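Enquirer:
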């Protein structure tokens, strides 16, 4: 229905009385119409009255005053006019002060400027009772956030504030805000939005950006990583030194042109996680060096495992090795076995033999380094392999290869391979004894903490503290002496049964028995032959999860999890270097599963470097590899410029104007060289309302009758 309204304010609402706004009251009067008849009929009567008045004017050539007033009053009474009175109470306008607490606010003097500006605004707004301040801090994760998202928090803080009460927004930030709304799709009004920049105008920064890095690579090959160095600010250089640090401590340095993409080849030395760190030298006086580092994290995978199995006299256990190795589709097995002794007389004519000459030189000299693992199973000297081939194998192991020897009775005889160049890499020397009796292999105290034998299960059980093993016995053991390496399992009289040893850059293992096949046949319950041999082989292949010295660092959200095999250690101290260069010592303590462990809550994003007591390095990345928070750290109003222009707000540098004056205005402009303004919304709450008829019924009837009488007398006299 039609409505006419106006407001009459009490004198206490004059602008000079703004400080007392919380106690102000006001009266508002509005004229409402509630027709006594249908609205269409009312309009029809109004038009009819106008037509009669116009007809009278046309016939008598003068305006019928009394008749027009009578018709108008009649229509007005039928319209049902009433007066609506509201009692209003002024309420303060709401201003949101948004404080940026992201990691980039810790650079330079930004944090100090932010705190001082916030304190100034709080005190200024507190003195003005026409304002209510809401402090919004963001992002939610603070310094751990990968990007600065402030408007999400701002919208939540103003969700219960009507737009008519919003006086504006003051943002204290470096300007690097990553969720600024698009003004074209903005559905709500914040009032004037102002930005107080916490940085400085002439800032300088350098960063290294990895533009392309594969997620996987083949062990033994190289991968190509592309990166770029970007300088921003007032200082620019043409070249910069780049340092690559690998997890084994190896350092490589190179010089790269600034602003151009470069390619660097990285070696994949092991399976599993491979982490490298790229570091570019800082600029003089640059804002931060945290984005001068970049982590490159990828998984090393083996294409195929090439194994050379050298067997001696055929025996029942030979099938165990063949089944284990040939049954794995990722293993390429070359099996060298002796089917006929050189001095054995065989009357079969040469032209009827189906066997071909074995390629000794090709395997043991030309292509020896193509193999990942060499296994000798019950091999005895038989004048087939010359001694220099054994020297090749020993050199191969010392230079990074893997060697496993499964001892049979021949190892205790004068035909033992120990009496070759292999003595330098074999973990144990024969003592000449062969023990033929039943015994149960047991895990030693050292083996309880080694990843190869720790938690070795059979039928869901492991060896208990009473050293009662859940697996079956073996029936033969070869005596060893002068053991080099770690004895993980023992047998008869606690004699060494399984030995692992580091040899130069390679690894060697020895099993002092040829009866592990009894487990595979289920003899007296059998045993975990497959799992044990798999672990031994993978340890020889330097798989990270089976390395007894490896520090395993994993990231779960913002929690760093450090684990290391206990293995003769009751605790371990690891040095941690945070992304901002701070050093901290972490202590790993024992757990029930034979590990040393430590949980650390990260307080910042970036690359963490860990160094063990033996000098091994590990890297871990908390947060995104290239978070938006560190892609551009220079203070700027560029991202907020569209919103500032749309809301008619202002951007000021706190370095120039640490205490900008705060004004209240009804309409813009909302900012100047050293001041910002908030919108005076004149917001109010209705605390009372009353509605009365505008004309009493008796008065309306009296006026209508009087006008009708006046019309009759006036128009009758004119005749």
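In my numbering, the protein residues as written are 3 to 721. No residue lacks a Cβ here, since even glycine has one placed at the ideal position from N, Cα and C. The structure presented is a predicted model; accordingly, all values stated were derived computationally and were not measured.
I'd like to confirm the pairing. Which residues does DSSP put opposite residue 503 in its beta bridges?
Expert: Your numbering for residue 503 matches position 501 in the chain shown. 510, per the DSSP bridge assignment.
Enquirer: Near residue 152, what residues of its chain come up, given a Cβ to Cβ distance below 6 Å and the 5 sequence neighbours on each side ignored?
Expert: For the purposes of this step, residue 152 is taken as residue 150 along the chain shown, with counting starting at 1. 100, 140 and 179.
Enquirer: Given a cut-off of 7 Å, decide if residue 97 and residue 169 are closer than it, judged by their beta-carbon atoms.
Expert: In the chain shown, counting from the first residue as 1, residue 169 sits at position 167. In the chain shown, counting from the first residue as 1, residue 97 sits at position 95. Yes, they are a contact pair.
Enquirer: CB residue 258 to CB residue 298, shorter than 7 Å?
Expert: Reading the chain shown from its first residue, position 256 is the one you call residue 258. Reading the chain shown from its first residue, position 296 is the one you call residue 298. Their beta carbons are not under 7 Å apart, which means residue 258 does not touch residue 298 by this criterion.
Enquirer: Once DSSP output is grouped into helix, strand and coil, what is the label at residue 108?
Expert: Residue mapping note: residue 108 aligns to position 106 of the chain shown, counting from 1. Reduced to three states, the DSSP call for residue 108 is helix.
Enquirer: Would you mind working out which of 212, 374, 612 and 569 sits nearest residue 587, comparing C-alpha positions?
Expert: Counting from one through the chain shown, the residue named residue 587 turns up at place 585. It is 612.
Enquirer: Please go through the same chain and pick out, in chain order, the residues whose beta-carbon is closer than 6 Å to the beta-carbon of residue 403, but skip the five residues on each side of it.
Expert: Locating residue 403 in the chain shown gives position 401, counting from the first residue. Only 508 meet the Cβ criterion.
Enquirer: Quick one: using the 10 Å Cβ neighbour count with 16 as the cut-off for buried, is residue 196 buried or exposed?
Expert: Residue numbering aside, residue 196 sits at position 194 when the chain shown is read from its first letter. Buried is the call here.
Enquirer: Just mark residue 679 as buried or exposed, buried being the case when its beta carbon has 16 or more other beta carbons within 10 Å.
Expert: Numbered from its first residue, the chain shown carries residue 679 at position 677. Buried, since its Cβ has 16 or more Cβ neighbours within 10 Å.
Enquirer: With a threshold of 7 Å on Cβ separation, who are the neighbours of residue 81 within its own chain once the five nearest residues in sequence on each side are excluded?
Expert: Taking the chain shown and counting its residues from 1, one reaches residue 81 at position 79. These residues qualify, in order along the chain: 35, 37 and 44.
Enquirer: From residue 73 to residue 135, what does the alpha carbon distance come to, in whole angstroms?
Expert: Walking along the chain shown from the start, residue 73 turns up at place 71. Walking along the chain shown from the start, residue 135 turns up at place 133. Each residue's alpha carbon lies about 57 Å from the other.
Enquirer: Measure the Cβ-Cβ separation of residue 394 and residue 367 and say whether it is below 7 Å.
Expert: Walking along the chain shown from the start, residue 394 turns up at place 392. Walking along the chain shown from the start, residue 367 turns up at place 365. Yes.
Enquirer: If I measure Cβ to Cβ from residue 514 and keep anything under 7 Å in the same chain, skipping five residues before and after, which residues do I get?
Expert: Position 512 of the chain shown, counting from 1, holds the residue named residue 514. So the qualifying residues of the chain are 409, 430, 479, 480, 482, 498 and 499.
Enquirer: Given residue 25, which residues of its chain have a CB within under 7 Å of its CB, disregarding the five upstream and five downstream residues?
Expert: The residue labelled residue 25 in the question sits at position 23 within the chain shown. Low local confidence applies: a pLDDT of 40 at residue 25 is under 50, so the model's placement there is unreliable, with the coordinate-based value given in what follows. Closer than 7 Å at the Cβ level, and outside the excluded window around residue 25, lies no residue.
Enquirer: Quick one: residues in its chain with C-beta nearer than 6 Å to the C-beta of residue 228, no 5 flanking neighbours on either side, listed in chain order?
Expert: Start at 1 with the first residue of the chain shown, and residue 228 comes out as number 226. Closer than 6 Å at the Cβ level, and outside the excluded window around residue 228, lie 213, 214, 263 and 265.
Enquirer: Are the Cβ atoms of residue 650 and residue 194 separated by less than 7 Å?
Expert: The count along the chain shown starts at 1 and reaches residue 650 at position 648. The count along the chain shown starts at 1 and reaches residue 194 at position 192. Yes, the Cβ-Cβ distance between residue 650 and residue 194 is below 7 Å.
Enquirer: Does the beta-carbon distance from residue 156 to residue 182 come in below 7 Å?
Expert: Position 154 of the chain shown, counted from the start, is the residue given in the question as residue 156. Position 180 of the chain shown, counted from the start, is the residue given in the question as residue 182. Cβ distance not < 7 Å, so residue 156 and residue 182 don't count as in contact.
Enquirer: So the alpha helix (DSSP H) residue 584 belongs to, where does it begin and stop?
Expert: Here the question's residue 584 lines up with position 582 in the chain shown. Run containing residue 584: none; DSSP gives neither H nor E here.
Enquirer: In this structure, does DSSP put residue 330 in helix, strand or coil?
Expert: Here residue 330 corresponds to residue number 328 of the chain shown, with the count starting at 1. DSSP places residue 330 in coil when its eight states are reduced to three.
Enquirer: Counting Cβ pairs, one atom from each stretch, are 3 or more of them under 8 Å apart for the segment 363-378 and the segment 387-401?
Expert: Contact holds: three or more Cβ-Cβ distances are below 8 Å.
Enquirer: Given a threshold of 16 other Cβ atoms within 10 Å of its Cβ, counted over all protein chains shown, does residue 544 qualify as buried or as exposed?
Expert: Your numbering for residue 544 matches position 542 in the chain shown. The residue is buried, with at least 16 neighbouring Cβ atoms inside 10 Å.
Enquirer: Could you tell me the alpha carbon to alpha carbon distance between residue 278 and residue 248, rounded to whole angstroms?
Expert: Position 276 of the chain shown holds residue 278. Position 246 of the chain shown holds residue 248. Residue 278 and residue 248: Cα-Cα distance of roughly 5 Å.
Enquirer: Please state whether the Cβ-Cβ distance between residue 392 and residue 423 is less than 7 Å.
Expert: Here the question's residue 392 lines up with position 390 in the chain shown. Here the question's residue 423 lines up with position 421 in the chain shown. Yes, these two residues count as a Cβ contact at 7 Å.
Enquirer: Residues bridged to residue 491 by DSSP?
Expert: Within the chain shown, residue 491 is the residue found at index 489, counting from 1. According to DSSP, residue 491 bridges with 445 and 500.
Enquirer: Hey, could you find the ends of the alpha helix (DSSP H) residue 52 is sitting in?
Expert: To locate residue 52, count along the chain shown from 1; it is residue 50. Taken as a continuous stretch (DSSP letters only), the alpha helix (DSSP H) holding residue 52 covers 41-62.
Enquirer: Taking buried to mean at least 16 other C-beta atoms within 10 Å of its own C-beta, is residue 124 buried or exposed?
Expert: As a first step, residue 124 must be located in the chain shown, where it is residue number 122. Classification for residue 124: exposed.
Enquirer: When the Cα atoms are used, what is the spatial distance from residue 241 to residue 260?
Expert: Taking the first residue of the chain shown as 1, we reach residue 241 at position 239. Taking the first residue of the chain shown as 1, we reach residue 260 at position 258. Those two C-alpha atoms are separated by around 5 Å.
Enquirer: Since residue 164 and residue 133 should fall inside the 8 Å C-beta cutoff, what is the C-beta to C-beta distance between them, to a whole number of angstroms?
Expert: Position 162 of the chain shown, counted from the first residue, corresponds to residue 164. Position 131 of the chain shown, counted from the first residue, corresponds to residue 133. The pair is not a contact, with the Cβ atoms about 16 Å apart (cut-off 8 Å).
Enquirer: Pick from 476, 504 and 519: whose alpha carbon is nearest that of residue 486?
Expert: Residue numbering aside, residue 486 sits at position 484 when the chain shown is read from its first letter. The shortest Cα separation from residue 486 among 476, 504 and 519 belongs to 504.
Enquirer: Can you check the segment 226-255 for any beta strand (DSSP E) of at least 3 residues that lies completely inside it and give the ranges in chain order?
Expert: Entirely contained in the segment 226-255, the beta strand (DSSP E) runs reaching 3 residues are, in chain order, 241-247.
Enquirer: Would you mind working out which of 334, 291, 309 and 501 sits nearest residue 448, comparing C-alpha positions?
Expert: As a working mapping, residue 448 is identified with position 446 in the chain shown. Nearest C-alpha to residue 448: 501.
Enquirer: Can you grab the Cα-Cα spacing for the pair residue 272 / residue 444, in whole Å?
Expert: By 1-based counting over the chain shown, the position of residue 272 is 270. By 1-based counting over the chain shown, the position of residue 444 is 442. Whole-angstrom Cα-Cα distance: 30 Å.
Enquirer: Look up residue 633 in the DSSP assignment and say whether it is helix, strand or coil.
Expert: As a first step, residue 633 must be located in the chain shown, where it is residue number 631. Coil at residue 633, not helix or strand.
Enquirer: Along the chain, where does the alpha helix (DSSP H) containing residue 366 start, and where does it finish?
Expert: The sequence position of residue 366 within the chain shown is 364, counting from 1. Here residue 366 belongs to no alpha helix (DSSP H), and DSSP marks it neither H nor E.
Enquirer: If you follow the beta strand (DSSP E) that residue 264 is part of, which residue opens it and which one closes it?
Expert: Counted from its first residue, the chain shown places residue 264 at position 262. Segment 263-269, the beta strand (DSSP E) holding residue 264.
Enquirer: Which residues in the same chain as residue 432 place their Cβ atom closer than 6 Å to its Cβ, once the five residues preceding and following it in sequence are excluded?
Expert: Position 430 of the chain shown, counted from the first residue, corresponds to residue 432. 413, 414, 418 and 420.
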